[in-house]
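Taking it in order: structure first as structure tokens, then the write-up.
There are 4 protein chains.
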Amino acid sequence: MRGNSFGRAFKVTTFGESHGPMIGVVIDGCPAGLKMDIEFVQEQLARRKPGQSRITTQRKESDEVMFVSGIFEGKTTGTPIAAIIMNEDARSKDYAEMSDKYRPSHADFTLDAKFGHRDPRGGGRSSARETAARVVAGGVAQLLLGLQRIRIHAYVSQVGPIVLEKSPEQIHFHRIEKNIVRCPDAATAKKMETFIDETRKRGDTVGGVVTCVVRGCPAGLGEPVFDKLHADLGKAMLSINAVKGFEIGSGFGSVAMHGSAHNDLFAKSSGKVVTTTNHSGGIQGGISNGMDIYFRVAFKPVATIMKAQTTVNRKGNADVIHGKGRHDPCVVPRAVPIVEAMTAIVLADHWLRNRTAKVG
Amino acid sequence: MRGNSFGRAFKVTTFGESHGPMIGVVIDGCPAGLKMDIEFVQEQLARRKPGQSRITTQRKESDEVMFVSGIFEGKTTGTPIAAIIMNEDARSKDYAEMSDKYRPSHADFTLDAKFGHRDPRGGGRSSARETAARVVAGGVAQLLLGLQRIRIHAYVSQVGPIVLEKSPEQIHFHRIEKNIVRCPDAATAKKMETFIDETRKRGDTVGGVVTCVVRGCPAGLGEPVFDKLHADLGKAMLSINAVKGFEIGSGFGSVAMHGSAHNDLFAKSSGKVVTTTNHSGGIQGGISNGMDIYFRVAFKPVATIMKAQTTVNRKGNADVIHGKGRHDPCVVPRAVPIVEAMTAIVLADHWLRNRTAKVG
Amino acid sequence: MRGNSFGRAFKVTTFGESHGPMIGVVIDGCPAGLKMDIEFVQEQLARRKPGQSRITTQRKESDEVMFVSGIFEGKTTGTPIAAIIMNEDARSKDYAEMSDKYRPSHADFTLDAKFGHRDPRGGGRSSARETAARVVAGGVAQLLLGLQRIRIHAYVSQVGPIVLEKSPEQIHFHRIEKNIVRCPDAATAKKMETFIDETRKRGDTVGGVVTCVVRGCPAGLGEPVFDKLHADLGKAMLSINAVKGFEIGSGFGSVAMHGSAHNDLFAKSSGKVVTTTNHSGGIQGGISNGMDIYFRVAFKPVATIMKAQTTVNRKGNADVIHGKGRHDPCVVPRAVPIVEAMTAIVLADHWLRNRTAKVG
Amino acid sequence: MRGNSFGRAFKVTTFGESHGPMIGVVIDGCPAGLKMDIEFVQEQLARRKPGQSRITTQRKESDEVMFVSGIFEGKTTGTPIAAIIMNEDARSKDYAEMSDKYRPSHADFTLDAKFGHRDPRGGGRSSARETAARVVAGGVAQLLLGLQRIRIHAYVSQVGPIVLEKSPEQIHFHRIEKNIVRCPDAATAKKMETFIDETRKRGDTVGGVVTCVVRGCPAGLGEPVFDKLHADLGKAMLSINAVKGFEIGSGFGSVAMHGSAHNDLFAKSSGKVVTTTNHSGGIQGGISNGMDIYFRVAFKPVATIMKAQTTVNRKGNADVIHGKGRHDPCVVPRAVPIVEAMTAIVLADHWLRNRTAKVG
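Going down the list, the protein sequences come from chains A, B, C and D.
Sequential numbering from 438 applies to the first sequence in the numbering used here.
Sequential numbering from 438 applies to the second sequence in the numbering used here.
Sequential numbering from 438 applies to the third sequence in the numbering used here.
Sequential numbering from 438 applies to the fourth sequence in the numbering used here.
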């Protein structure tokens with residue numbers, strides 16, 4: 438009932454706290470016979486890890502993944518894939534003050550309200566460190582999807598007020614990794630970088646948007662009622678720390694449109710049924726239609742700021758808290774691989790589930 | 438694997454197609470001893486049912502719910518609660534053309550791609566008629582939450598370009614039902630109504646936004662990692678037909694904010710820990726903090742329009758389809774009780790799940 | 438959490454009480470495109486229904502199944518299959534006394550202890566009537582398995598002290614339905630019938646054993662750890678009313694054997710790997726090996742007897758209860774199709790699950 | 438779909454193979470605030486570990502458990518409890534021959550049939566080593582149940598033909614650990630020990646029965662339909678390696694009884710409702726009734742024997758295999774803590790689930 442698992446056919450369970458000995462993940466349901474490219478998984482972790490550029494937290498974690506179960510002679514065996522990442526550089530002292538005072542807009546107060554007993558070191562289980570385990574699982578999922586030529590590309594499309602003025606189909610994905618913001622447009626990336634830098638210098642933080650595009654997804658993934666593909670994608674994204682919003686295809690922009698403009702007309706192209714527009718974002722009635730899937734994910738500004746804030750302590754008295762520790766001024770550059778990972782997990786899950794849809 | 442169930446502790450399973458003999462719902466997990474107010478459930482159905490005003494579809498369904506299991510002498514017994522609603526006024530002939538041609542932005546094409554064999558009458562299982570079953574389950578959930586004084590209020594906050602310029606805390610909930618749009622501001626409602634009317638007359642449709650507010654939710658509901666309360670709410674909303682976006686609290690608006698402005702400072706009020714602002718939307722780290730929960734749900738314009746559209750038929754050839762049948766020009770007035778129902782199901786589920794959080 | 442569903446990929450949910458308006462079942466996960474043979478399902482119900490012979494209860498139920506969802510033009514659509522059976526001939530008055538007094542070895546006391554509020558009519562949800570819904574689901578599962586030429590045959594192998602002295606491979610399955618006991622040996626059946634008759638005349642009841650054989654199951658079904666095929670079969674059987682024991686293959690008899698005698702040696706036969714003996718009962722390491730699966734299910738004597746028994750009433754006082762109503766003197770003849778149904782559900786579930794075991 | 442998790446509210450997931458670097462377990466759902474007695478858990482492991490006496494395998498594993506998640510300052514936090522045990526003394530060379538030849542009555546053949554790709558070292562995931570992870574989870578469950586004064590006692594009641602002639606209520610539980618067989622009767626234990634010794638010397642193996650008694654279980658645990666308490670116990674037991682049978686209460690012995698003799702009459706004792714006999718084994722209608730729960734579990738003889746056996750190899754050719762490695766001549770002495778562990782997991786799960794049964 439505690440919700441540390443995600444997925445039904447490709448089921449991911451994570452464990453571990455930010456300041457315990459390790460974090461880890463168990464994947465139950467990855468099919469046997471998948472060639473494991475551990476280097477690829479390690480690369481995804483490198484894209485998520487702290488300290489990778491001057492606009493991310495300066496904490497250092499080598500984030501080396503060790504697979505301990507489910508792989509034999511380089512291939513998956515069908516038994517659970519388990520992987521662990523050791524924790525390093527956990528300066529618990531930075532958090533001493535925070536064990537007594539509720540950090541504003543963190544999980545401190547709500548965890549206490551829920552469980553009564555909480556590991557305060559680094560946010561414990563609610564730390565974004567947990568997402569490293571998701572990136573490992575997502576890497577495995579991406580390998581599985583790769584066999585079907587399903588490719589996932591996420592990128593930063595907004596930082597604070599700075600918006601990338603390009604639609605998903607205008608993006609050159611190979612440009613995403615060309616800059617430390619992970620925005621596939623050099624000029625916009627530069628502005629975002631400057632904005633994050635200035636924000637950081639003031640001890641403040643700022644939000645952003647990650648856009649994700651799935652290419653090569655066949656028609657038929659997703660279920661008609663509760664487990665619509667975009668519903669599961671939405672849950673996956675909203676389960677990532679700091680996410681406040683999700684929209685698929687035309688999203689909130691669809692509201693002001695008329696049906697006659699919004700409807701995606703079907704047409705034939707190279708013997709394949711396509712739609713002439715893609716306001717649906719590649720999903721209709723909860724099921725993929727073979728067009729590109731794209732969606733946007735809103736991240737709020739990081740809650741830890743280097744400023745004094747009024748708050749309440751565990752005794753329930755008014756208090757003042759001073760931001761410490763090493764935190765990201767803006768979470769979206771590092772969130773890109775997390776968004777990709779969760780997308781891959783959802784698609785791998787639905788790809789496997791879809792195998793039972795028809796008798797033949 | 439087909440996803441016709443929702444929830445873990447308060448588990449809702451729906452069945453039935455729009456043009457079959459009936460639709461129904463099974464609720465497994467509603468605790469024993471709950472006084473059943475069937476009239477209340479019936480009222481929720483009346484708010485959802487077609488034909489209730491001139492801005493909704495003119496289809497007629499009496500939508501009378503019959504409980505067939507799980508209730509004895511007016512109280513729940515702990516065994517599964519099952520309820521059915523008979524289908525009426527199903528004019529299958531209206532759909533004859535549509536069985537061969539894929540209606541743009543409907544589930545016709547994707548269902549065929551997925552299952553190979555499809556019930557084309559009225560959209561079959563993908564019809565919004567399925568949501569009547571959800572409203573029944575949501576009504577039961579609301580009764581359960583009512584015991585805890587948790588109240589859910591949804592309303593229309595946008596129709597096409599017309600926006601209700603009031604924040605959730607400015608709303609007088611008793612005004613929601615005062616007009617047929619379900620917008621709690623008479624002047625704005627009037628404009629929306631006119632806009633929908635004009636749209637309908639042109640044979641077109643338009644989108645809208647439903648805002649939902651939960652009052653009285655105690656701190657502690659929701660889980661820290663994958664089953665964050667807003668992640669489950671998001672999935673619940675995105676599983677409703679025509680929904681394209683979801684945002685909790687500050688949502689997409691948080692992106693352009695700085696952490697120093699966005700953070701909700703804790704304070705003490707009447708012996709209770711509160712936050713002085715509520716950008717979090719009542720949820721922090723995935724767990725309710727005792728403040729009002731509020732979120733917004735974007736609905737695209739209804740796909741069925743009374744205009745000719747180019748499309749492709751089942752044989753894969755280009756074709757033209759002509760909108761027929763009786764459909765809503767704008768879905769949001771009738772979506773209000775559906776949003777409330779799904780919200781109630783999520784909260785009932787998490788309220789029950791939370792009973793196992795602590796040893797004592 | 439209330440456990441009214443069974444299976445993961447072929448998920449069966451039942452609802453309804455013995456004296457409510459109907460009982461029903463929802464099957465979520467049956468693949469699309471399965472030709473539905475409703476007559477076959479109805480035949481299975483006829484084998485379970487009361488009043489079919491003089492050695493079963495004389496209650497009359499027509500037990501006509503009505504499919505209300507998930508089937509179009511004679512084939513499954515992939516959406517949930519729902520079916521209902523109306524209740525008839527429910528003489529609630531027979532149970533008046535029993536609402537106050539706990540019937541020995543029934544669920545009356547434990548349901549009260551658990552839920553506080555109980556439907557006492559005919560045992561409510563704990564009535565064996567619920568198994569009619571299982572038989573419907575099992576019938577659909579058998580149709581699905583039939584495509585794979587997997588055949589399930591159950592029969593009565595013991596009634597009271599009378600034991601069928603034949604091993605599963607000696608059985609001619611077509612003889613099972615030749616007598617009202619469902620024992621595939623005429624002479625033994627006759628003895629069993631006489632024994633049941635005498636027992637009934639004394640107002641007493643007696644137990645029995647049902648043996649089940651699965652023929653044609655391919656190697657590979659079942660999972661290596663918790664969801665071993667025989668573990669899921671065991672749970673399925675033990676969930677049937679009155680079942681007290683389950684053994685697979687050599688079962689309890691294996692205890693006194695040595696490994697050198699018990700091991701099933703592998704050999705080659707017509708190009709296929711087989712075992713020269715089958716103490717394993719067709720399952721090794723939790724996974725089917727292609728040999729016949731067979732197991733035995735022990736049913737205790739029916740608890741309702743036509744004799745006075747001392748007991749305690751709801752107020753907690755000593756009392757005397759007098760058996761009334763129309764009950765089976767021995768449950769196993771009618772249990773045969775229930776055992777088959779639950780077996781089919783388990784196999785259909787694992788057959789679908791197995792589709793995700795390998796990458797290719 | 439691969440079934441490496443067990444339980445719904447107290448959900449246990451295991452991972453790891455016998456010859457990989459480690460095995461481990463994740464418990465999701467253990468309530469917060471439970472005082473962790475790691476020494477107690479370690480003691481349970483010691484009772485299971487190989488090499489503990491001359492009648493068990495001589496393999497040496499220190500089996501030291503390391504908790505890596507979910508515990509802070511000696512108490513559970515409500516987040517997942519993860520624990521690992523490093524593998525040692527894994528002589529892979531002993532298994533070289535076995536990677537090519539299917540060991541009779543092992544999982545070698547069926548794993549190949551299912552997954553195509555298999556880790557042959559020591560049985561891989563199907564090794565009984567996996568049960569060490571269960572013992573850890575069971576230890577935590579026992580601590581949770583201990584708060585409710587629910588106590589679980591398993592013991593050896595049969596080895597080969599040697600039967601302990603005592604009913605569960607005649608057992609002095611403190612005698613169980615007085616001998617290496619774990620049979621609570623010195624004279625019988627001696628005979629069993631001798632029998633095992635002789636069997637071992639012949640290079641053979643033998644089966645046995647473990648009986649388990651739960652004392653102090655309150656009325657109300659278990660669910661009325663599919664998740665009957667004994668159905669879940671049965672599945673739990675049947676999921677343990679080498680188990681071939683399960684019976685609750687009177688079990689297979691009930692078959693030959695009449696209802697008038699089998700029914701457990703209710704009576705009042707010290708203000709509590711009790712039954713004067715306990716053929717039900719403490720469970721009626723799938724729900725505990727407050728009496729002792731007891732059941733019996735049949736273990737077949739260990740498949741690995743020190744004798745040559747004919748078999749088939751991976752190429753499908755006839756071959757001969759020679760037993761090697763260090764194996765138990767009889768599994769039941771070491772199975773006692775495994776049976777207790779799985780029992781504890783089932784009861785902890787149902788105890789938590791039962792918290793949602795009633796409104797109040």
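Just so you know, even glycine gets a beta-carbon here, dropped at the ideal spot from N, CA and C.
Beta-carbon contacts of D:Thr747 that lie in its chain and below 7 Å, excluding the five residues immediately before and after = Position 310 of the fourth sequence, counted from the start, is the residue given in the question as residue 747 of chain D. The residues are Ala755 and Val757.
Within 8 Å, strictly: CB atoms of C:Val650 and C:His699 = By one-based count along the third sequence, residue 650 of chain C stands at place 213. By one-based count along the third sequence, residue 699 of chain C stands at place 262. Taking 8 Å as the Cβ cut-off, C:Val650 and C:His699 do not qualify as a contacting pair.
request  = Return the residues of the region 446-470 of chain D that lie within a Cβ-Cβ distance of less than 7 Å from chain B, sorted by chain order.
outcome  = Ala446, Gly466, Pro468, Ala469 and Gly470
inquiry  = Could you check whether D:Ala446 and D:Gln579 sit closer than 8 Å to each other, using their CB atoms as the reference points?
reply    = Walking along the fourth sequence from the start, residue 579 of chain D turns up at place 142. Walking along the fourth sequence from the start, residue 446 of chain D turns up at place 9. It is not a contact, given that the beta carbons lie outside the stated cut-off.
task = Starting from the N-terminal side, write out each stretch of the alpha helix (DSSP H) that is 4 residues or longer and does not extend beyond the region 691-753 of chain D.
result = 696-699
message = Mapping the DSSP letters down to three states, classify A:Arg439 as helix, strand or coil.
response = Start at 1 with the first residue of the first sequence, and residue 439 of chain A comes out as number 2. Correct three-state label for A:Arg439: coil.
query = Hey, how far is the Cα of C:Leu784 from the Cα of C:Gly583?
reply = For this step, residue 784 of chain C is matched to residue 347 along the third sequence. For this step, residue 583 of chain C is matched to residue 146 along the third sequence. If you take the alpha carbons of C:Leu784 and C:Gly583, they lie about 11 Å apart.
message = Using beta carbons (cut-off 8 Å, strictly below), is B:Leu658 in contact with chain D?
response = Numbered from 1 along the second sequence, position 221 holds the residue referred to as residue 658 of chain B. Not one chain D Cβ lies under 8 Å of B:Leu658.
query = Exposed or buried, B:Asp669, counting other C-beta atoms within 10 Å across all chains shown (16 or more means buried)?
reply = Within the second sequence, the letter at position 232 stands for residue 669 of chain B. When all chains shown are included, B:Asp669 counts as buried.
ask   = Along chain B, in chain order, which residues have C-beta atoms closer than 7 Å to that of C:Met438?
value = Here residue 438 of chain C refers to the residue found at position 1 of the third sequence. Those are Ala446 and Gly466, listed as they occur along chain B.
inquiry  = On a Cα-Cα basis, can you pick out the residue from A:Ile730, A:Asp474 and A:Arg439 that is closest to A:Phe509?
reply    = For the purposes of this step, residue 509 of chain A is taken as residue 72 along the first sequence, with counting starting at 1. The shortest Cα separation from A:Phe509 among A:Ile730, A:Asp474 and A:Arg439 belongs to A:Asp474.
message = Going by beta-carbon coordinates alone, are C:Ser706 and C:Gly657 separated by less than 8 Å?
response = Residue mapping note: residue 706 of chain C aligns to position 269 of the third sequence, counting from 1. Residue mapping note: residue 657 of chain C aligns to position 220 of the third sequence, counting from 1. Not closer than 8 Å, so no.
inquiry  = Can you list, in chain order, the residues of its chain with a C-beta nearer than 6 Å to that of D:Gly642? Leave out the 5 residues immediately preceding and following it.
reply    = To locate residue 642 of chain D, count along the fourth sequence from 1; it is residue 205. Going by the sequence as given, residue 642 of chain D is Thr instead of Gly. Answer for D:Thr642: Pro738, Val739, Ile742 and Pro766, listed in chain order.
Nearest to C:Ile720 (by Cα), restricted to the options D:Ile775, D:Leu548, D:Gly511 and D:Ile460 = Here residue 720 of chain C refers to the residue found at position 283 of the third sequence. Taking only the C-alpha atoms, the option nearest C:Ile720 is D:Leu548.
request  = Flag B:Met694 as yes if its beta-carbon sits less than 8 Å from any beta-carbon of chain A, otherwise no.
outcome  = Locating residue 694 of chain B in the second sequence gives position 257, where the first residue counts as 1. It does: the Cβ of B:Met694 has a partner Cβ on chain A nearer than 8 Å.
request  = Taking only beta-carbon positions, decide if B:Ala574 is within less than 8 Å of chain C.
outcome  = Here residue 574 of chain B corresponds to residue number 137 of the second sequence, with the count starting at 1. Answer no: the Cβ-Cβ gap between B:Ala574 and chain C never drops below 8 Å.
request  = With 8 Å as the threshold, decide whether the Cβ of D:Gly797 is near any Cβ in chain B.
outcome  = The residue labelled residue 797 of chain D in the question sits at position 360 within the fourth sequence. Cβ-Cβ to chain B under 8 Å: yes for D:Gly797.
inquiry  = Determine, for A:Pro655, whether the minimum Cβ-Cβ distance to residues of chain C falls below 8 Å.
reply    = As a first step, residue 655 of chain A is located in the first sequence; it is residue number 218 there, counting from the start. No, its Cβ sits nowhere closer than 8 Å to a Cβ of chain C.
task = Please compile the residues from chain A whose C-beta is within a distance smaller than 9 Å of the C-beta of C:Arg586.
result = Your numbering for residue 586 of chain C matches position 149 in the third sequence. Ordered by position in chain A, no residue passes the 9 Å Cβ test against C:Arg586, which lies about 14 Å from the chain.
key: Anticipated Cβ contact below 8 Å, B:Gly671 with A:Phe683, distance rounded   = Taking the second sequence and counting its residues from 1, one reaches residue 671 of chain B at position 234. Taking the first sequence and counting its residues from 1, one reaches residue 683 of chain A at position 246. Yes, they are in contact, since the Cβ atoms of B:Gly671 and A:Phe683 sit about 6 Å apart, within 8 Å.
query = Can you tell which of B:Arg540, B:Ser691 and B:Pro517 has the C-alpha that lies nearest to the C-alpha of A:Thr712?
reply = Here residue 712 of chain A refers to the residue found at position 275 when the first sequence is read from its first residue. The shortest Cα separation from A:Thr712 among B:Arg540, B:Ser691 and B:Pro517 belongs to B:Arg540.
task = Note down, in chain order, all residues in the region 501-516 of chain B with a beta-carbon under 7 Å from any beta-carbon belonging to chain D.
result = Gly515 and Thr516
message = Beta carbons nearer than 7 Å to chain D: which residues of the region 692-716 of chain C have them?
response = Val692, Ala693, Met694, His695, Gly696, Ser697, His699, Asn700, Asp701, Leu702, Phe703, Ala704, Lys705 and Val710
query = Around the C-beta of B:Ala624, are 16 or more other C-beta atoms found within 10 angstroms, so that it is buried, or is it exposed?
reply = Numbered from its first residue, the second sequence carries residue 624 of chain B at position 187. It counts as exposed.
inquiry  = Does B:Met459 come out as helix, strand or coil in the three-state DSSP assignment?
reply    = Here residue 459 of chain B refers to the residue found at position 22 when the second sequence is read from its first residue. DSSP places B:Met459 in strand when its eight states are reduced to three.
query = Name the DSSP beta bridge partners of D:Ser506, please?
reply = Taking the fourth sequence and counting its residues from 1, the one referred to as residue 506 of chain D is at position 69. Beta-bridge pairing links D:Ser506 to D:Ala519.
query = Between A:Gly727 and the rest of its own chain, which residues show a CB-CB distance below 8 Å, the 5 nearest in sequence each way excluded?
reply = Residue numbering aside, residue 727 of chain A sits at position 290 when the first sequence is read from its first letter. Answer for A:Gly727: Cys654, Pro655, Ala656, Lys709, Val710, Val711 and Gly719, listed in chain order.
inquiry  = For the region 752-781 of chain B, list every residue whose C-beta sits within 8 Å of some C-beta in chain A, in sequence order.
reply    = Gly753, Asn754 and Ala755
task = Classify D:Glu480 as buried or exposed, calling it buried when 16 or more other Cβ atoms lie within 10 Å of its own Cβ.
result = Position 43 of the fourth sequence, counted from the first residue, corresponds to residue 480 of chain D. Exposed, since its Cβ has fewer than 16 Cβ neighbours within 10 Å.
key: Contact set for D:Thr568: own chain, Cβ-Cβ below 6 Å, skip 5 residues either direction   = By one-based count along the fourth sequence, residue 568 of chain D stands at place 131. Excluding residues up to 5 positions away in sequence, Ile775 lie with their Cβ nearer than 6 Å to the Cβ of D:Thr568 in the same chain.
key: Any 3 or more C-beta pairs closer than 8 Å across the region 476-490 of chain C and the region 452-467 of chain C   = no
request  = Could you list the residues in the region 546-577 of chain D with a C-beta less than 9 Å from some C-beta on chain A, going in chain order?
outcome  = Leu548, Lys551, Phe552, Gly553, His554, Arg555, Asp556, Pro557, Arg558, Gly561, Arg562 and Ser563
query = Is it right to say D:Gly797 is buried, meaning 16 or more other beta carbons lie within 10 angstroms of its own, or is it exposed?
reply = Numbered from 1 along the fourth sequence, position 360 holds the residue referred to as residue 797 of chain D. Classification for D:Gly797: exposed.
message = If you follow the alpha helix (DSSP H) that D:Ile613 is in, where does it begin and where does it stop?
response = Reading the fourth sequence from its first residue, position 176 is the one you call residue 613 of chain D. Segment: none, D:Ile613 is in no alpha helix (DSSP H) and carries neither H nor E.
request  = Tell whether a beta-carbon distance below 8 Å holds between A:Thr450 and D:Asp465.
outcome  = Here the question's residue 450 of chain A lines up with position 13 in the first sequence. Here the question's residue 465 of chain D lines up with position 28 in the fourth sequence. Contact flag set, yes.
inquiry  = Please classify C:Gln851 as buried or exposed, where buried requires at least 16 other C-beta atoms within 10 Å of its C-beta.
reply    = Any question about residue 851 of chain C goes unanswered here, given that chain C covers just 438 to 797.
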